[in-house]
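Below is one structure, written out as structure tokens, with a few remarks after it.
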Amino acid sequence: MRFGFDIDDTLINLREHAFHIYKKKLNNNLAIDVFHAIERVEIHEPFGLTDEQGKSMWNLSLEEIYYTDCPIFPGALETLQRLEERGDEIYYVTARPKEHGERTKQWLTERGFPVHHDRFFYGMQDHEKVHIIRKLQLDYYVDDKPTILHTLKDNKTKLYLKDQSYNRHLDEFPRIINWTDRLF
Numbered sequence: 001m002r003f004g005f006d007i008d009d010t011l012i013n014l015r016e017h018a019f020h021i022y023k024k025k026l027n028n029n030l031a032i033d034v035f036h037a038i039e040r041v042e043i044h045e046p047f048g049l050t051d052e053q054g055k056s057m058w059n060l061s062l063e064e065i066y067y068t069d070c071p072i073f074p075g076a077l078e079t080l081q082r083l084e085e086r087g088d089e090i091y092y093v094t095a096r097p098k099e100h101g102e103r104t105k106q107w108l109t110e111r112g113f114p115v116h117h118d119r120f121f122y123g124m125q126d127h128e129k130v131h132i133i134r135k136l137q138l139d140y141y142v143d144d145k146p147t148i149l150h151t152l153k154d155n156k157t158k159l160y161l162k163d164q165s166y167n168r169h170l171d172e173f174p175r176i177i178n179w180t181d182r183l184f
């Protein structure tokens, strides 16, 4: 079988990691409940930042957000390792900018994720991910962003939505709440 995975907020808890970084940088001790109530992908609003300021903060913090100890969702690593062990093909399809692709592969590999260089796609916008996913003819694909999954609904790929506060209003896709539940 061919499995495709987004990385950020699907396999790793990037937004919450960034939220903690923002708290330190902005000297603001917001409760984690505030993070869990955010209904959009962007995390800057609770800190009183405008969209422009939030984009700037994110871009200035990317190095720290991407390459420090961002936690892996419990069970995600083990799920991918199990798929690899049984002979399934694992593909990563991420919208991370091109300049971060090789280091992202290295970061994942160092943490034990099964990474094959010819099955790692990056440096595209979210809407461009769809073309790659279709071209790969994946059997399964997991992402946190409903817009990606909506554009793939007419495909034969079985789609899963990784549960996040900004996608809980949807119920049209099977949802991964906990990677420790045996899914595949």
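Under UniProt numbering, the sequence shown has 183 at position 183, and the numbering climbs by one with no breaks.
By construction, the Cβ of each residue, glycine as well, lies at the ideal position given by its N, Cα and C atoms.
All of these numbers come straight from a predicted model, not from anything done at the bench.
Quick one: measure Cβ to Cβ for Tyr141 and Ile133, integer angstroms, because I've assumed they're closer than 8 Å. What you label residue 141 is simply residue 141 of the sequence shown in a count that begins at 1. What you label residue 133 is simply residue 133 of the sequence shown in a count that begins at 1. Contact flag correct, Cβ pair sits at about 6 Å.
Reduced DSSP category for Arg86 - H, G, I as helix; E, B as strand; rest coil: Along the sequence shown, read from residue 1 onward, the residue named residue 86 stands at position 86. Note: Arg86 maps to coil in three-state DSSP.
Just to confirm my understanding: we take Ser165, look at its own chain, exclude 5 residues before and 5 after, and list those with CB closer than 7 Å. What are they? Within the sequence shown, the letter at position 165 stands for residue 165. Within the same chain, Ser165 has close Cβ partners His36, Ala37, Ile38 and Glu39.
Return helix, strand or coil for Gly4, following the three-state DSSP convention. Residue 4 sits at position 4 when you count from the first residue of the sequence shown. In the structure shown, Gly4 sits in a strand (DSSP, three-state: E or B).
According to DSSP, residues forming a beta bridge with Leu159: One-based indexing of the sequence shown puts residue 159 at position 159. Beta-bridge pairing links Leu159 to Tyr141.
Of the residues Leu80, His44 and Asp126, which one's Cα is nearest the Cα of Ile12? The sequence position of residue 12 within the sequence shown is 12, counting from 1. The shortest Cα separation from Ile12 among Leu80, His44 and Asp126 belongs to Leu80.
I need the boundaries of the alpha helix (DSSP H) containing Lys98, first residue and last residue. Your numbering for residue 98 matches position 98 in the sequence shown. No alpha helix (DSSP H) contains Lys98, which DSSP labels as neither H nor E.
Ile148 and Leu162 - do their beta-carbons sit closer together than 8 Å? Position 162 of the sequence shown, counted from the first residue, corresponds to residue 162. Position 148 of the sequence shown, counted from the first residue, corresponds to residue 148. Residue identity check: residue 162 is Lys in the sequence provided, not Leu. Going by C-beta atoms, Lys162 is not nearer than 8 Å to Ile148.
Own chain partners of Val115 with C-beta closer than 6 Å, once the 5 adjacent residues on each side are dropped: Residue numbering aside, residue 115 sits at position 115 when the sequence shown is read from its first letter. Hits under 6 Å: Lys105, Leu108 and Thr109.
Apart from the five residues on each side of it in sequence, which residues of its chain come closer than 7 Å, Cβ to Cβ, to Pro146? Here residue 146 refers to the residue found at position 146 of the sequence shown. The answer, listed in chain order, is Leu161, Asn167 and Leu170.
Same chain, Cβ closer than 7 Å to Asp118, neighbours up to 5 away in sequence not counted: Start at 1 with the first residue of the sequence shown, and residue 118 comes out as number 118. Hits under 7 Å: none found.
Decide if Met1 is buried, meaning its Cβ has at least 16 other Cβ atoms within 10 Å, or exposed. Within the sequence shown, the letter at position 1 stands for residue 1. With fewer than 16 other Cβ atoms within 10 Å, it is exposed.
Pick helix, strand or coil for Arg175, following the three-state DSSP scheme. Taking the first residue of the sequence shown as 1, we reach residue 175 at position 175. Strand at Arg175.
Count the other CB atoms within 10 Å of the CB of Gly4; is the residue buried (16 or more) or exposed (fewer)? Taking the sequence shown and counting its residues from 1, the one referred to as residue 4 is at position 4. Gly4 should be labelled buried.
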